[in-house]
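Number of protein chains: 2
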Amino acid sequence: MSDLFPKKGHDHDRCVNSALKQAEKVCMEENARFTDMRRKVFTLIWQSHKAVTAYELLDALTSEGQRVQPPTVYRALEFLTDLGLVHRIESLNAYFGCDRPDCEHLGQYFICTQCGRVAEAVNEDMSNAVLKAAAQVGFSIQATTVEIKGLCHDCATH
Amino acid sequence: MSDLFPKKGHDHDRCVNSALKQAEKVCMEENARFTDMRRKVFTLIWQSHKAVTAYELLDALTSEGQRVQPPTVYRALEFLTDLGLVHRIESLNAYFGCDRPDCEHLGQYFICTQCGRVAEAVNEDMSNAVLKAAAQVGFSIQATTVEIKGLCHDCATH
DNA sequence: CAGAAAATGATATATTATAACATTTCATCA
DNA sequence: TGATGAAATGTTATAATATATCATTTTCTG
Ligand SMILES: [Zn+2]
Ligand SMILES: [Zn+2]
Ligand SMILES: [Zn+2]
Ligand SMILES: [Zn+2]
Numbered sequence: 031m032s033d034l035f036p037k038k039g040h041d042h043d044r045c046v047n048s049a050l051k052q053a054e055k056v057c058m059e060e061n062a063r064f065t066d067m068r069r070k071v072f073t074l075i076w077q078s079h080k081a082v083t084a085y086e087l088l089d090a091l092t093s094e095g096q097r098v099q100p101p102t103v104y105r106a107l108e109f110l111t112d113l114g115l116v117h118r119i120e121s122l123n124a125y126f127g128c129d130r131p132d133c134e135h136l137g138q139y140f141i142c143t144q145c146g147r148v149a150e151a152v153n154e155d156m157s158n159a160v161l162k163a164a165a166q167v168g169f170s171i172q173a174t175t176v177e178i179k180g181l182c183h184d185c186a187t188h
Numbered sequence: 031m032s033d034l035f036p037k038k039g040h041d042h043d044r045c046v047n048s049a050l051k052q053a054e055k056v057c058m059e060e061n062a063r064f065t066d067m068r069r070k071v072f073t074l075i076w077q078s079h080k081a082v083t084a085y086e087l088l089d090a091l092t093s094e095g096q097r098v099q100p101p102t103v104y105r106a107l108e109f110l111t112d113l114g115l116v117h118r119i120e121s122l123n124a125y126f127g128c129d130r131p132d133c134e135h136l137g138q139y140f141i142c143t144q145c146g147r148v149a150e151a152v153n154e155d156m157s158n159a160v161l162k163a164a165a166q167v168g169f170s171i172q173a174t175t176v177e178i179k180g181l182c183h184d185c186a187t188h
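Chains as they are written, first to last, in this note's numbering: chain Z, 31 to 188; chain X, 31 to 188.
Okay, structure coming up:
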């Protein structure tokens, strides 16, 4: 059994740095500006493996100094989600950093209701099943939401 | 190709009446009270094949007579969703009547972004893919959300 | 019918998100 | 270089969704 969730005590700075690198690359390629605010929001989102709400981001940005208003955060989130650098978790009204912003994929998430961690899966079987089901009923897909809640392996066994 | 979505001009009263019958049966079996308010909310939800927001329900109930407050509607929705008579569509913050409240299933929805209609699918391939993906990573499922947005066959072809 | 439990009413407030307009920053090119 | 227009951010207000808490009414049970 392979665990999607990061190991306890892993080098998380490495996660964040690698995500920043990828984000810079994607922005460069898309000729999009990775501004200070966008970078701050992106970094805050990557500071844990949990999903983060817009108002948690607001609070974090505000405690860093001057008051930041909702539209500022929502704009950064829109930018990041449009580029695929961040995904919105619909069932949590929260945002989560994408591991693989450079490859097209249908978002699929495992969400642990105990520890709060989220893991993105890119599972061919699930993707294919969704695509096939849609084809069978003549439905042309624009976006998909697959969110699976439960206990991660760590939480289920401890 | 089989279309999940109801045919234009179908006998919708029949949909509603059959849903009410099923709801009564489920409540009876669960020894749960299908009160006036719950019945009203349930019926309103079934009055279209679209998802309905809590505040749309509030407005509808209020225009029927005296003012109804949010908690009243949210309580009815909680009751109905707990029993599986209604599902919440996370990506719309809206509610939708379940076709098959009498059989266990993972909720899977097709949501047309053009006409607004929603269709519940009960697709074994999708369910199995989700269950298998979870098993592979040692994740024990509590709830799943599968919401597929796009164009229904009618909207895609007209 | 009394008493307990369940449901609803009422009031207030929390949480999530967007609209609209002002100001600042930044790339571009005359 | 510095005018200029587009993009980004700031600011204020408000919309949309959801819940906490306590009071009252209704229903069930004995
Ligand atoms: Zn990490
Ligand atoms: Zn966990
Ligand atoms: Zn119908
Ligand atoms: Zn349609």
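Don't be surprised by glycine CBs; every beta carbon is placed ideally from N, CA and C.
Taking only beta-carbon positions, decide if residue i is within less than 8 Å of chain Z.
i        : result
X:Asn153 : yes
X:His183 : yes
X:Gly180 : yes
X:Gly168 : yes
X:Phe140 : yes
X:Glu120 : yes
X:Gln172 : yes
X:Met58  : no
Please decide whether residue i counts as near chain X, where near means a Cβ-Cβ distance under 8 Å.
i        : result
Z:Val82  : no
Z:His188 : no
Z:Asp112 : no
Z:Lys162 : yes
Z:Asp33  : yes
Z:Thr102 : no
Z:Glu177 : yes
Z:Ala159 : yes
Z:Thr143 : yes
Z:Met156 : yes
According to the Cβ coordinates, are residue i and residue j closer than 8 Å?
i        : j        : result
X:Asp132 : X:Gln52  : yes
X:Leu34  : X:Ala151 : yes
Z:Ile119 : Z:Tyr104 : no
X:Thr175 : X:Gly114 : no
X:Cys182 : X:Arg147 : yes
X:Gln166 : Z:Ser157 : no
X:Leu110 : X:Phe72  : yes
Z:Gln77  : X:Gly180 : no
Can you list, in chain order, the residues of its chain whose CB lies under 6 Å from that of residue i, leaving out five sequence neighbours each side?
i        : result
X:Leu122 : Ala81
Z:Glu99  : Note on identity: in this sequence residue 99 of chain Z is Gln, with Glu being the wrong assignment. Result list for Z:Gln99: empty, nothing under 6 Å.
Z:Pro36  : His79
X:Cys184 : Rather than Cys, the amino acid found at residue 184 of chain X in this sequence is Asp. Result list for X:Asp184: empty, nothing under 6 Å.
X:Val46  : Trp76
X:Ala149 : Leu34, Phe35 and Phe140
Straight-line CA distance for residue i to residue j?
i        : j        : result
Z:Thr187 : X:Asp112 : 27 Å
X:Val160 : Z:Thr92  : 39 Å
X:Glu177 : X:Asn61  : 31 Å
Z:Arg69  : X:Arg63  : 52 Å
Z:Asn153 : X:Ala164 : 10 Å
X:Arg44  : X:Glu108 : 25 Å
Z:Met58  : Z:Ala106 : 17 Å
X:Val56  : X:Leu74  : 18 Å
X:Gly127 : X:Cys142 : 16 Å
X:Glu86  : Z:Gln144 : 33 Å
Z:Thr65  : X:His42  : 52 Å
X:Glu134 : X:His117 : 13 Å
Whose C-beta lies closer than 7 Å to the C-beta of residue i among residues of the same chain, with five residues either side of it excluded?
i        : result
X:Leu88  : Val98, Pro100 and Val103
X:Ala124 : Ala81, Val82 and Thr83
Z:Ala90  : Leu74
Return the chain-ordered list of same chain residues with a C-beta closer than 8 Å to the C-beta of residue i, the five sequence neighbours on each side being excluded.
i       : result
X:Ser48 : none
Z:Glu54 : Phe64
- Complete runs of the beta strand (DSSP E) confined to the segment 146-185 of chain X [at least 3 residues]: 148-151 and 170-181
- Starting from the N-terminal side, write out each stretch of the beta strand (DSSP E) that is 3 residues or longer and does not extend beyond the segment 98-142 of chain X. 116-119, 124-127 and 138-142
- Message: Give the list of continuous alpha helix (DSSP H) stretches no shorter than 4 residues that lie fully inside the segment 45-105 of chain Z.
- Response: 66-76 and 84-93
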